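The structure appears right after this line, and notes come after that.
Residue numbers (full-length UniProt numbering): 1 to 221.
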């Protein structure tokens, strides 16, 4: 794991140096278990994955974060599941209440011409159970851009215990209204519905003030 993360420059560019004490089994569509560095298509990762991990301490709570490390803006939050009980790690992450969902899942949708993107999954051990995370988000569906994972780790006193990543590049039909098109191709199956198309992209401004408030509304990640 450490070698894979260093070779992909996930460590130390995205994550600080850490000693893994666990691992994650990341599965899409209940049957496709992905390996570190595996390349997937956007249509394969629309639905939230199932993630299982052996908790280093079953009495602790854990957080899983997924970010785009290669967006045109510095990092974009795609998913942060919090307060996952170490005794039942496969259950709490699908709870959509604010206690367990800091940021709802949004599948990768890299924009055309942006090359291949690294989407990094990190498992953290929390210092407390049922932790309240900072900064508090007024609307976790938007304002996903300009995320700083290292600052989030420091501000919430999180300890990385495992990490992995997948590679995704642009696919026509999975930008802007990608969710609507996916629903059309899957017959409108409600299980495929993850987030609204309004969360599908990021608007970028050169001003510092706009960087603090820009919603995801024009570009895709």
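Using N, Cα and C, we set each Cβ at its ideal position, and we do this for glycine too. The structure displayed is predicted, hence computed values, not measured ones.
Check, Outcome
"Three-state secondary structure (DSSP) of residue 63", "strand"
"Residue 16 versus residue 29 - alpha carbon distance", "31 angstroms"
"Residue-chain proximity (residue 149, chain C), Cβ-Cβ < 8 angstroms", "Absent from the structure is chain C; it holds one protein chain and no more."
"Neighbourhood of residue 147 by C-beta, 8 angstroms cutoff - its chain only, sequence neighbours within 5 removed", "67, 74, 75, 76 and 77"
"Distance between residue 173 and residue 150 (C-alpha atoms, nearest Å)", "33 angstroms"
"Among 36, 31 and 14, the one whose alpha carbon lies nearest that of residue 23", "36"
"Among 104, 10 and 81, nearest to residue 143 - alpha-carbon criterion", "104"
"C-alpha gap between residue 135 and residue 7, whole angstroms", "31 angstroms"
"Coil, strand or helix - residue 194 by DSSP", "Residue confidence is low: residue 194 scores 33 on pLDDT, short of 50, so the model does not pin down where it sits. Its coordinate-derived value is still stated next. Three-state DSSP puts residue 194 in coil, outside helix and strand."
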